[in-house]
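*Asks:*
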Amino acid sequence: MPFSDYKTAIVTGASAGMGWAIAERLRANGITVHALARNAEKLADLEKHCGVIPHAIDVSDLKAVTELLSGLEVDILVNNAGVSRPGNLLSSDAFDVDEQIDVNLRAALHLSRLLLPGMMERDSGHIVNITSIAGHYEFGGHTVYHATKAAMHTVSRQLRVDAFGRRVRVTEICPGRVETDIFAKVEKIDPALAKKKYFEGFEMPQTSDIADAVAYAIDAPHYVNIGMIELMPTLQVPGGLRTAKRDGDNVIL
Ligand SMILES: NC(=O)c1ccc[n+]([C@@H]2O[C@H](COP(=O)([O-])OP(=O)(O)OC[C@H]3O[C@@H](n4cnc5c(N)ncnc54)[C@H](OP(=O)(O)O)[C@@H]3O)[C@@H](O)[C@H]2O)c1
């Protein structure tokens, strides 16, 4: 089911970063793109840039999402919207936990729940989930973020089982660090400062590299399901092993 077999897509989190690039790429391939995010101004910019249909909506607002989807025939769903937090569970408040679960996991599950039946009926469709290496490896990230991304890895696998027997494909795109403004948002710092800290001097994948991976999975022949693509900077490696030594209350690292 290459691009020519699909007409309409939903891309969540399309106002910035990877979502913007994915929406742009799908438009370039002739797909009608419904672009979802909260920032109406940025969506209007994207509309001007490449002709998406903007929907300023919070993906965790189930009522609004359900209304938006009713009557829409959607061939491609890209669950991309995501939020993260600094620190870990020790420094979290209730909102930190809830928002990450609501946006990264709950919204993606509901969107899939609402759109999968139509895909099954039409025997055609593709769900693309943007997860993270945080779903696969432990490192000093936020515990809830890791949990939501690990859950979306499982959801991606499980949806394949749910769609058994129909030509509905599911792809997990699993990025390492990619140059977007997410780090500025996580740390609540100026994007220029975040750029200096996380990107300057590093060889970083760009949002266009993620859009390429999504396009590759979608454009594969209908009998090919690209299950998962892990895409990291060559010079970034996950893993490592730490053993703390204790001397009374002192932790020697
Ligand atoms: N950048 C990386 O290094 C990296 C690495 C691995 C995985 N990821 C994952 O890749 C995906 C895209 O991240 P990115 O780096 O492109 O981040 P980004 O630049 O911060 O963009 C995040 C997008 O999600 C949208 N969003 C957040 N909360 C939303 C909500 N409640 N309702 C609707 N839209 C919402 C934002 O739009 P509004 O603010 O306008 O709502 C924005 O368009 C995320 O799932 C992220 O976890 C990123």
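If you're matching positions, the sequence shown starts at 1315 in the numbering used here and goes up one per residue.
The C-beta atom is built at its ideal place from N, Cα and C for all residues, glycine as well.
Measure the CB-CB distance between isoleucine 1496 and glycine 1401 and report whether it falls below 9 angstroms.
*Replies:* For the purposes of this step, residue 1496 is taken as the residue at position 182 of the sequence shown. For the purposes of this step, residue 1401 is taken as the residue at position 87 of the sequence shown. Cβ atoms of isoleucine 1496 and glycine 1401: not closer than 9 angstroms.
*Asks:* So, with DSSP's three-state summary, where would you put glycine 1439?
*Replies:* Numbered from 1 along the sequence shown, position 125 holds the residue referred to as residue 1439. Residue state, collapsed to three classes: strand.
*Asks:* Rounding to the nearest angstrom, what Cα-Cα distance links glutamine 1520 and glycine 1331 in this structure?
*Replies:* What you label residue 1520 is simply residue 206 of the sequence shown in a count that begins at 1. What you label residue 1331 is simply residue 17 of the sequence shown in a count that begins at 1. The alpha-carbon atoms of glutamine 1520 and glycine 1331 are separated by roughly 9 angstroms.
*Asks:* Any contact between the segment 1493 to 1511 and the segment 1538 to 1550? By contact I mean 3 or more CB pairs, one from each, below 8 angstroms.
*Replies:* no
*Asks:* Ligand 1 heavy atoms versus the CB of methionine 1542: any closer than 8 angstroms?
*Replies:* Here residue 1542 refers to the residue found at position 228 of the sequence shown. Incorrect: methionine 1542 has no Cβ contact closer than 8 angstroms to ligand 1.
*Asks:* With DSSP collapsed to three states, give me the class of aspartate 1375.
*Replies:* Here residue 1375 corresponds to residue number 61 of the sequence shown, with the count starting at 1. Three-state DSSP puts aspartate 1375 in coil, outside helix and strand.
*Asks:* Say whether the segment 1418 to 1434 touches the segment 1352 to 1370, bearing in mind that this needs 3 or more beta-carbon pairs closer than 8 angstroms, one atom from each stretch.
*Replies:* no
*Asks:* On the DSSP bridge list, what partners appear for alanine 1351?
*Replies:* The count along the sequence shown starts at 1 and reaches residue 1351 at position 37. Alanine 1351 pairs with Ala1370.
*Asks:* Could you check if proline 1552 belongs to the surroundings of ligand 1, using beta carbon to heavy atom distance under 8 angstroms?
*Replies:* Within the sequence shown, residue 1552 is the residue found at index 238, counting from 1. In this structure, the C-beta of proline 1552 stays at least 8 angstroms away from each heavy atom of ligand 1.
*Asks:* For the beta strand (DSSP E) containing isoleucine 1545, name the first residue and the last one.
*Replies:* As a position in the sequence shown, residue 1545 is number 231, starting the count at 1. For the record, residue 1545 in the displayed sequence is leucine; it is not isoleucine. Counting along the chain, the beta strand (DSSP E) containing leucine 1545 begins and ends at 1542 to 1545.
*Asks:* Looking at the secondary structure, which residues open and close the alpha helix (DSSP H) in which isoleucine 1586 lies?
*Replies:* Since the displayed the chain opens at 1315 and closes at 1567, residue 1586 lies outside it and no answer follows.
*Asks:* Note down, one range per segment and in chain order, each beta strand (DSSP E) of at least 3 residues found wholly within the segment 1395 to 1474.
*Replies:* 1439 to 1444
*Asks:* At which residues does the beta strand (DSSP E) containing leucine 1340 begin and terminate?
*Replies:* Within the sequence shown, residue 1340 is the residue found at index 26, counting from 1. Per DSSP, leucine 1340 belongs to no beta strand (DSSP E); it is in the alpha helix (DSSP H), 1331 to 1342.
*Asks:* Less than 9 angstroms separating the beta-carbons of alanine 1529 and arginine 1339?
*Replies:* On the sequence shown, position 215 is the one that residue 1529 refers to. On the sequence shown, position 25 is the one that residue 1339 refers to. Contact: yes.
*Asks:* Output the boundary residues of the beta strand (DSSP E) element that contains valine 1492.
*Replies:* The sequence position of residue 1492 within the sequence shown is 178, counting from 1. In the DSSP assignment, valine 1492 falls outside any beta strand (DSSP E) and carries neither an H nor an E.
*Asks:* Please tell me whether, using a cut-off of 8 angstroms, the distance from the CB of leucine 1376 to the nearest non-hydrogen atom of ligand 1 is below it.
*Replies:* Position 62 of the sequence shown, counting from 1, holds the residue named residue 1376. Exclusion of leucine 1376 from the 8 angstroms shell around ligand 1 follows from its C-beta lying no nearer than that to any non-hydrogen atom of the ligand.
*Asks:* Name the residue from Ser1374, Ser1405 and Asn1564 whose alpha carbon lies nearest to the alpha carbon of alanine 1421.
*Replies:* Position 107 of the sequence shown, counted from the start, is the residue given in the question as residue 1421. Of Ser1374, Ser1405 and Asn1564, the residue nearest in Cα terms is Ser1374.
*Asks:* In this structure, how does DSSP classify alanine 1477 when only helix, strand and coil are distinguished?
*Replies:* Numbered from 1 along the sequence shown, position 163 holds the residue referred to as residue 1477. Of the three classes helix, strand and coil, the one that applies to alanine 1477 here is coil, per DSSP.
*Asks:* In whole angstroms, what separates the C-alpha of glycine 1333 from that of alanine 1527?
*Replies:* Numbered from 1 along the sequence shown, position 19 holds the residue referred to as residue 1333. Numbered from 1 along the sequence shown, position 213 holds the residue referred to as residue 1527. Distance between the alpha carbons of glycine 1333 and alanine 1527 is about 13 angstroms.
*Asks:* CB of lysine 1509 to nearest heavy atom of ligand 1: below 8 angstroms?
*Replies:* The count along the sequence shown starts at 1 and reaches residue 1509 at position 195. Answer for lysine 1509: no, Cβ out of range of ligand 1.
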